[in-house]
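In what follows, a structure is listed as structure tokens, so that the remarks can point back to it.
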Amino acid sequence: MSTTTVPDISHNQAAQSRWAVETHGLTKRFGENVAMNGVELLVPRGCAFGYLGPNGAGKTTLIRVLLGLTHADAGTMSLLGYPVPKHRDLALARVGAIVDEPRFHGHLSGRENLQILAAAREPAARDRIESSLERVGLLHRADDKVSKYSMGMRQRLGVAACLIGDPELLILDEPMNGLDPAGMAEMRDMIVSLVAEGCTVVLSSHLLDEVERTCDAVAIVDRGKVIRQGPISELLAGASLALQVECSEPDRARSLLEGSTIGAHIEVGPLGLGITLPAGTAREVIAEINRILVEGGISVYRLQEIQASLESWFLQVTSRLGAPE
Amino acid sequence: MPTGAMIATRFMELRKRRGLMIALILVNIGIPTVFLLVRLLAHAFAPKSYGPAGGYDVYTGLCTGVLYVFGFIVAATLGCSAGSVDLTEGMFRHLVVTGRSRLALYLARIPAGLAIIVPLVAAGFTIVCAVCVFAAPTRLNYDGVNVPAGLSRAGFESWAGNHPDIVICDFPYNGPGLPNVPCGPNGPVVNVPPGSQGLAQITPSQLKAAALLIARQDYSGYATQFLYPSDSLMVKTGLWIELEALIGLIVGLGLASLLGQRTVAVILMIVLEIILTPIFSRAHIPHLLNLQRSVVGVAMAHLTPSGLPVFGGGGGGPGGGQGNPLLVPESTTVAVCVVVAWLVAWTVLGAWRMMTRDA
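Order-wise, the sequence lines are chains A and B. Residue numbering for the first sequence follows the numbering used here, beginning at 1 and increasing consecutively. Residue numbering for the second sequence follows the numbering used here, beginning at 1 and increasing consecutively.
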């Protein structure tokens, strides 16, 4: 790994770092395939951060590299202010993580599995086993063998395994996998409560709706590169503006608008006109559209701004849909 | 370094593998126990047909043929499990994410495995020792003849002089000086019928002298025969079997960690013990002698305690490993170095793979 020389760092210096996760030029190759291509990522402390990307974009690879499960080929990174891999032991002492599907020793109970993991952490971790099990709602099944657990229960046990380390940073890879709607809601509530307690939660997910409801900020990764990152509200503000117009004579309305100077993309659908305006378009343009239609003798029954969702924005910014790089 | 809690939880993880534990107990304790139990019952119900359950011969046979081999295989199986299950069951990445050094995670498995395998091997060995001592024969059987045990050279010669018929006809002798005495169903035929060619009349004093001659030659062989194993032999054998189990555990652990799976590693360990070691121990291949000496099984054969036959059969007597003409020659120092080198090398290899492996 062609990392730069990293100086020793004290606990105080690490604690003063603004970023829970910081990477620069992080690169990882699997043969010819570049899984991470100079990833630049800054995750602020004390927030829920979504790491989004299509399949094969390199989400899990980044998490694995951050956690030391595999090595990077180039770049630098730090967790909670500690440069890794140099101070991985110090950094990971306050990190909890679930990578891929959480798997445990099936012949042991949930509690026994946690005892094994707690033994590898500091002595106080053993005292947190009961509270962790209680927090994820597994206390009543803690003495059952893990082989009898459902997928959702294993997911909860994975979270409990994270909590016994009293983490400042929680990294969750697809944490909603295998959870039923109630379980997803509980997981969402747990993430929110952890963030409220000062924990930073980084979660990768395909479930954009869940991420939008849970996270304060996101990064979009595509083909191994972070292409956007920031607070969700700021990112969505940069999305294109969509309008739905229900009116008489939609075809003539479309002609009128295309003949104007508003520069919109217009489609005629079963619900009327679908109008997409470029990002940053002034709101006065909406009034202008209404005026053009009314002055053209078109009856406007409804004109509605469609709120940009994370999903629509995600689809706009990722180039996965067949577009060559 | 691993903490006590890490070792304790690793021990718990291995101990709670019920199927593995049952298999290990059955092989290492069950087989010799059942064998001895059958012999005890057979001797109890038909003492004239079945000899005592214990004794020196049973002890040497069980120690070399069963406990030594099965102890290794059992330990290797446990080592292979300890070296691979975290990886195959998905716990490895959980452990890595704790931030604990991978070396410590690896090293914790060694004392945990030993905490299981040492008592297991000791239990099987204790049962064998107990039965072989307490159910030993009361008279020594030397070459098919019941002889008092523990006689000195003078005592043995004295006994031979008092039983010349048995000694002359039933004891082995290889040398000159014996009168030409035919043996009949009741011992030597001393009253030769008139006209018999080449046979002379034998007097009792001549018979006694012949018996003493045979006894002098046979004493060294007799002296290696015991009713039951001595305390020192049992201690040495116990340590030797435990060392073999330690090797099985460490090599199995390292190999499984290297390969990342259990089944292939266990098969390779069994092949090493059952097939390769006997071949390398006995086949004298001039250009590969040093390679043969570097096989841990060959080294362990040389460390076989005096009083036990070398593993693998084929004769050689109960003279232990050193100087055994059947074995590839190797000094005790070299044998010890080979054993230490195997323990260190496989620990380093296993730990290195664990530290560099993607989790």
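Virtual Cβ for every residue (Gly too), placed ideally from N, Cα, C.
Three or more beta-carbon pairs separated by less than 8 Å are not found between the segment 235-245 of chain A and the segment 65-73 of chain A, which leaves the two stretches without contact. Neighbours of residue 48(B) in chain A, taken as residues whose beta carbon is under 8 Å from its own, are absent, since the nearest beta carbon is some 50 Å off. Here residue 109(A) is buried, its C-beta having at least 16 other C-beta atoms within 10 Å. Restricting attention to 195(A), 296(A), 36(A) and 67(A), the CA atom closest to the CA of residue 27(A) is found in 36(A).
Around the beta carbon of residue 76(A), 16 or more other beta carbons sit within 10 angstroms, so the residue counts as buried. Proximity of residue 115(A) to chain B, defined by a Cβ-Cβ separation below 8 Å, is satisfied. Sequence-distant Cβ neighbours of residue 53(B) in its own chain, meaning closer than 7 Å and more than five residues away, are 36, 39, 40, 43, 131 and 135. Across the set 335(B), 329(B), 342(B) and 309(B), the C-alpha of 342(B) shows the shortest separation from the C-alpha of residue 252(B).
Nearest to residue 135(A) by C-alpha distance, out of 190(A), 204(A), 111(A) and 47(A), is 190(A). Classified as buried, residue 156(B) has 16 or more neighbouring CB atoms from the shown chains inside 10 Å of its CB. For residue 49(A), no alpha helix (DSSP H) run applies; the uninterrupted beta strand (DSSP E) run containing it begins and ends at 48-52, by DSSP.
Counting the other Cβ atoms within 10 Å of the Cβ of residue 22(B) gives fewer than 16, which makes it exposed. Neighbours of residue 88(A) in chain B, taken as residues whose beta carbon is under 7 Å from its own, are 99 in chain order. In the DSSP secondary-structure assignment, residue 97(A) is bridged to 171(A).
In the DSSP assignment, residue 235(B) falls within the alpha helix (DSSP H) that extends over 231-259. Residue burial is scored here from C-beta neighbours: residue 167(B) has at least 16 other C-beta atoms within 10 angstroms and is therefore classed as buried. In summary, the residues of the segment 114-142 of chain A whose CB is separated from some CB of chain B by less than 9 Å are 115, 116, 117, 118, 119, 120, 121, 123, 125 and 126, in the order they occur in the chain.
For the segment 233-252 of chain B, the set of positions with a beta-carbon nearer than 9 Å to some beta-carbon of chain A is empty. Note on geometry: alpha-carbon atoms of residue 87(A) and residue 104(B) lie some 16 Å from one another. Proximity of the segment 323-332 of chain B to the segment 257-277 of chain B falls short of the contact definition, fewer than three beta-carbon pairs being nearer than 8 Å. Per the coordinates, the alpha-carbon of residue 230(A) lies some 18 Å from the alpha-carbon of residue 192(A).
Runs of the alpha helix (DSSP H) spanning 4 or more residues and lying entirely within the segment 83-139 of chain A occur at 88-92, 110-119 and 129-135, in chain order. The beta carbons of residue 273(B) and residue 121(B) sit no closer together than 8 Å. Under the DSSP definition of a beta bridge, residue 30(A) partners with 33(A). Counted as a single uninterrupted DSSP element, the beta strand (DSSP E) harbouring residue 222(A) occupies residues 217-222. For residue 28(B), there is no enclosing beta strand (DSSP E), as DSSP marks it with neither H nor E. Residue-level contact by beta carbon holds for residue 104(A) and chain B, with a gap shorter than 8 Å. In the three-state reduction of the DSSP assignment, residue 24(A) falls in the strand class. Between residue 249(B) and residue 108(B) the beta-carbon gap is near 13 Å, outside 8 Å, which marks them as no contact.
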